[in-house]
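Start counting the sequence shown at 679; every next residue gets the next number (the working numbering). Glycine residues also receive a C-beta, built at the ideal position from the N, C-alpha and C atoms.
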Amino acid sequence: LTEAVNRVLSMSVIHEFLSQDEHRPINVKDVCQRIASQVTQVSANPEQEISIQVQGSSIRLPASQATPL
Numbered sequence: 679l680t681e682a683v684n685r686v687l688s689m690s691v692i693h694e695f696l697s698q699d700e701h702r703p704i705n706v707k708d709v710c711q712r713i714a715s716q717v718t719q720v721s722a723n724p725e726q727e728i729s730i731q732v733q734g735s736s737i738r739l740p741a742s743q744a745t746p747l
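Next comes the structure, spelled out in C-alpha cells:
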C-alpha cells in the first residue's frame with residue numbers, strides 16, 4: 679500500500695510541475711527533492727527517523743521527456 683501511495687504522490691508532483699507551465703523545461707532535481715520530501719512524510723514512523731538526500735547537478739528536461747521519469 680505504501681508503494682502505491684508513493685507512486686501516486688510522485689505522479690502528483692510531476693503533474694504539479696507540468697501544470698505550472700507545460701512549455702517550460704522541468705528541473706529534475708527539484709522534482710526528485712519534492713518526491714523525496716513527500717515520501718519521507720508518508721513513510722514517517724514516529725519511532726524511526728527517515729532522511730532522503732538528493733544530490734547532483736540540476737538537469738532541465740522538456741516536459742515531454744520528464745513526464746515518463
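*Between I737 and V706, which are expected to be in contact by the criterion C-beta below 8 Å, what is the C-beta distance as a whole number of angstroms?*
Position 59 of the sequence shown, counted from the first residue, corresponds to residue 737. Position 28 of the sequence shown, counted from the first residue, corresponds to residue 706. That belief holds up - the Cβ atoms of I737 and V706 are roughly 5 Å apart, short of 8 Å.
| task | Express the C-alpha separation of Q726 and M689 in angstroms, rounding to a whole number. | result | Here the question's residue 689 lines up with position 11 in the sequence shown. Here the question's residue 726 lines up with position 48 in the sequence shown. Cα-Cα distance, rounded: 26 Å.
Same chain only: Cβ atoms within 8 Å of P740, ignoring 5 sequence neighbours per side: By one-based count along the sequence shown, residue 740 stands at place 62. Around P740: P703, I704.
**Item:** 4-residue-minimum alpha helix (DSSP H) runs that sit fully inside the region 679-739, ordered along the chain
**Value:** 680-698, 706-721
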